[in-house]
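Visitor:
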Amino acid sequence: MQDALPAFVLNSETLPRKPMSDAPANPENSPAQAEAQQPSLSDERLMLAFTQGSSEAFTELFHRYKQPIYGFFCRRVSDPANAEELTQETFFALLRAAARYEPRALFRTYLYAIGFKILRAHRRKTAFRAAFLGHRNSAPDRSKHDATESGLWVRRAVEKLEPVDREIVMLREFEQLSYAEIADLLQLPLNTVRSRLFRARTALRDLLEPSESRIKNAVAQPEAHAASPNTAQKGERT
313 MQDALPAFVL
323 NSETLPRKPM
333 SDAPANPENS
343 PAQAEAQQPS
353 LSDERLMLAF
363 TQGSSEAFTE
373 LFHRYKQPIY
383 GFFCRRVSDP
393 ANAEELTQET
403 FFALLRAAAR
413 YEPRALFRTY
423 LYAIGFKILR
433 AHRRKTAFRA
443 AFLGHRNSAP
453 DRSKHDATES
463 GLWVRRAVEK
473 LEPVDREIVM
483 LREFEQLSYA
493 EIADLLQLPL
503 NTVRSRLFRA
513 RTALRDLLEP
523 SESRIKNAVA
533 QPEAHAASPN
543 TAQKGERT
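Start counting the sequence shown at 313; every next residue gets the next number (the working numbering).
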């Protein structure tokens, strides 16, 4: 994921700006800028500083979340280039919505909610284009995202889950969101999230056990072939 977005968006007219009458004499020493430069500020404090005009706050948020959001899209679209484009769209949407931001929930939940809206719009556009052109959606190419065969088996098993269960598993296991955050994002009762996650994990375990056995056997076969010449030599010596 490239780092060019903040340098570009900071010249945007959508950057939050305070009225001229409220602007400090020296913008570089404004409270929002000073606060954004403090180490280990929470996401929520940074977002509030950004709404007050701190470009440094937005840059810090981008650096904190560019890879998690990019990974979020990589696990849901087939083309890494599309994932990068959707990541940039998400931060542009965050930029445009900054003036309306209210810290009612964790910033992370707020940002992933924006990501979900961007993803739904992308899927609608992709489905419309496929229907218009008469093409079927091709199966996602996971080879670029999975370095090992076991990782590929996990991806394929997750894709076999029901859509809601799949989202719950990915948000919990990959995005590391809390149960409450998942419930808020998917508009589901908290107990429903817990029960569906338990059911999905059980289904994944059943799907992965045969795959794990197959992988172990595939690994064991070359070892057996490698050992056979030595065994044969021992037999000849005796």
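Note that CB positions come from ideal geometry on N, CA and C, so glycine has one too.
In whole angstroms, what is the alpha-carbon distance linking A515 and A369?
Guide: Going from the Cα of A515 to the Cα of A369 covers about 42 Å.
Visitor: Drop a sphere of 10 angstroms on the beta-carbon of A492, count the other beta-carbons inside from all chains shown, and report buried for 16 or more, exposed for fewer.
Guide: Result: exposed.
Visitor: Can you give the Cα-Cα distance for R388 and L502, rounded to whole angstroms?
Guide: The straight-line gap from Cα to Cα measures roughly 23 Å.
Visitor: Nearer than 7 Å: is that true of the beta carbon of H434 relative to any heavy atom of the ligand SAM?
Guide: Absent from the structure shown: the ligand SAM. Ligands present: none.
Visitor: I believe L398 touches L431 by the beta-carbon criterion, under 8 Å. Please report the beta-carbon distance rounded to the nearest angstrom.
Guide: Their Cβ separation, rounded to whole angstroms, is 7 Å, which keeps L398 and L431 in contact under 8 Å.
Visitor: Going straight from the alpha carbon of Y413 to that of Q488, what length do you get?
Guide: Cα to Cα, the separation comes out at about 23 Å.
Visitor: Could you give the distance in angstroms between the alpha-carbon of A469 and the alpha-carbon of A425?
Guide: When rounded, the distance between both Cα atoms is 25 Å.
Visitor: Whole angstroms is fine: what's the gap from V466's alpha carbon to Y422's?
Guide: Distance between the alpha carbons of V466 and Y422 is about 28 Å.
Visitor: Pick from F419, A405, N394, E401: whose alpha carbon is nearest that of M359?
Guide: If we check each option's Cα against that of M359, F419 comes out closest.
Visitor: Apart from the five residues just before and just after S455, which ones in its own chain have a Cβ nearer than 7 Å to its Cβ?
Guide: Caution applies to S455, whose pLDDT of 42 falls short of 50 and renders its modelled position unreliable; the model cannot decide the point.
Visitor: Ignore the nearest five residues each way along the sequence and tell me which others in A495's own chain have a CB closer than 7 Å to its CB.
Guide: Result list for A495: P501, L502, V505, in chain order.
Visitor: Just checking my contact of A512 with D477 at CB under 8 Å: how many whole Å lie between their CB atoms?
Guide: Indeed, because the Cβ distance is near 4 Å, the residues count as touching under 8 Å.
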